[in-house]
Amino acid sequence: MSRQRGYLRILFSSRVLLNLEAADAVYRQAYEQALTRGSETRSARGEAVAAYSDFVACRGAYADGPYDPDVQGRRFAKGPLYDFALALSRLNRESGEDLVEIGLSAKDEAESGITIFRNLDVTELGDHLGYRLLTCGNPVIQSFHDSFGTDLFLSRNSQDVQHARDHGVASALIHFPDGWEYDHSERSGPLKIMVDGDGVAWGDKAEQRFRESVAQAGDFKEGLGRYAALEARDFNTPIERGPFTSVLEKISRLNERFDRDEAPFQISLLTARGGKASTRALTTLKDHDIALNGFAEFKAGATKADGLRAHDPDVYFDDQAGHLSEGRICPAGLVFYVSDSPLHPQAAVSAGAGASRALPVPLMPWQRTGGRGMAAGMTHSHIAGKAQ
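If you read the sequence shown in full-length UniProt numbering, its first letter stands for residue 1, the second for the next number, and so on.
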């Protein structure tokens, strides 16, 4: 088949399109057990791959699993972004243009890859996944993004997400709470993409200013006041470009091809900024040619959970796990900081013992008064295992 090269190219890992959590747990358990027995890393990985492949193919210790000949193994339910990917693919058909190209990356070996590919082939989405990548257990490195032309990479593997982030590719670690299913299959209208501002739509220098202000003041309220005064002073100075600036620019340009009420994407901003710090956000959006056609909601430090629940976007991106604690409302992605950023959780470790290079995340008032905490599993830490 000829490859449908889209204007916007989004690479999905297999684990965000399919619910492979149980398969990944089998891999990790086998790997850890092998290490506990004293196996070397390479040998442990081989045992883990074998256990994973048996689980996927319903053989060996998992021979009593629900084998489906159509997929030559286990049939998997849809993952957190299946409906989002399917909606993207339908944009081309509805518009008559190649607006979006969706690609697939999987860490499987060739053998288990048959079952993974077939799981998608038997769905409507399979017809639209022209570009496919099988890494055979290796990381998704920059050369793959260069080859595909990735504008946005969405995965459940933090190492792959961090690598993409460090090389300038917009990326996010997708949250998928245990036992949860997202069903947006009956939706119509534009795809609703909601993003945070600092550290996502634009850079994180102002976020660094906020954390420094609170740390220097030693009091949240006083530090917030200092920060707000500085942001008000600099209201007409745009904040630097960030991890999602380019992809949001590209989506904005794509929307311009259509009448406003027929735009394929709705871009909205949901930010903890508020008050006099709000204006600089609008200056920054204008300077970076990011055209909001949804809304901009400034929460002034309040929980974002109410906003996510009320607006129920198709996907939401934020740079702080604490703001993604309502991941059961909608698919949500954690956007990483570059590895050498003082905001990165590993900054203090990499700087050495006793260093104060890392800037801690100040607790918002709603977090300090018993509000919902960090989303389970949503951290920058590197996840061991076969996470796709």
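Even glycine gets a Cβ: it sits at the ideal position worked out from N, Cα and C.
The beta carbon of A217 sits closer than 7 Å to those of G223, R226, all from its chain and outside the five residues before and after it, given in chain order. About 15 Å separates the CB atoms of A57 and A48; that is not less than 8 Å, and the two are not in contact. Taking the C-beta atoms as reference points, I239 is found no nearer than 7 Å to A215.
Under the DSSP definition of a beta bridge, Q72 lacks any partner. Assignment of G126 by DSSP, reduced to helix, strand and coil, places it in the helix class.
Looking at A263, L324, K78, Y27, the one whose alpha-carbon comes closest to that of E124 is K78. Residue state for Q266 is assigned as strand, using DSSP reduced to three classes.
In chain order, S268, L270, P313, Y316 place their CB closer than 6 Å to the CB of M194, counting only its own chain and leaving out the 5 sequence neighbours on each side. Sixteen is the threshold: when 16 or more other Cβ atoms of the shown chains lie within 10 Å of the Cβ of N119, as they do, the residue is buried. Counting the other CB atoms within 10 Å of its CB gives G168 a total below 16, which places it among the exposed residues. Per DSSP, G189 lies in no alpha helix (DSSP H) and is assigned neither H nor E.
Under the three-state reduction of DSSP, I290 is assigned to coil, being neither helix nor strand. If only uninterrupted alpha helix (DSSP H) runs of at least 4 residues are considered, those enclosed by the stretch 218–248 are 220–233. In the same chain as F176, and ignoring 5 residues on each side of it, the C-beta atoms closer than 6 Å to its own belong to P80, in chain order. Going by DSSP, L120 is part of the alpha helix (DSSP H) stretching over 110–121. Per DSSP, the unbroken alpha helix (DSSP H) holding D306 starts and ends at 305–311.
Under a 10 Å Cβ-count criterion, C330 is classified as buried, with 16 or more other Cβ atoms of the shown protein chains found around its own Cβ.
According to DSSP, F317 shares a beta bridge with V195, G333.
Under the three-state reduction of DSSP output, E21 falls in the helix class. Bounds of the alpha helix (DSSP H) holding Y52 are 41–57. With contacts defined as CB atoms closer than 7 Å, T279 and F210 fail to qualify as a contacting pair. Look at V100 here: in three-state DSSP terms it is strand.
Only buried fits R273, as 16 or more other CB atoms lie within 10 angstroms of its CB.
The C-alpha of G275 lies about 17 Å from the C-alpha of L285. A direct Cα-Cα distance of roughly 23 Å separates R45 from L104. The straight-line gap separating the alpha-carbon atoms of S155 and S185 is approximately 20 Å. For the 7 Å CB-CB criterion, D289 and E256 do not form a contact. By alpha-carbon distance to R9, the top candidate from R241, S188, L282, L254 is L254. Taking the Cα positions, S213 is about 38 Å away from L11.
Rounded to whole angstroms, the gap between the alpha carbons of D183 and G242 is 30 Å.
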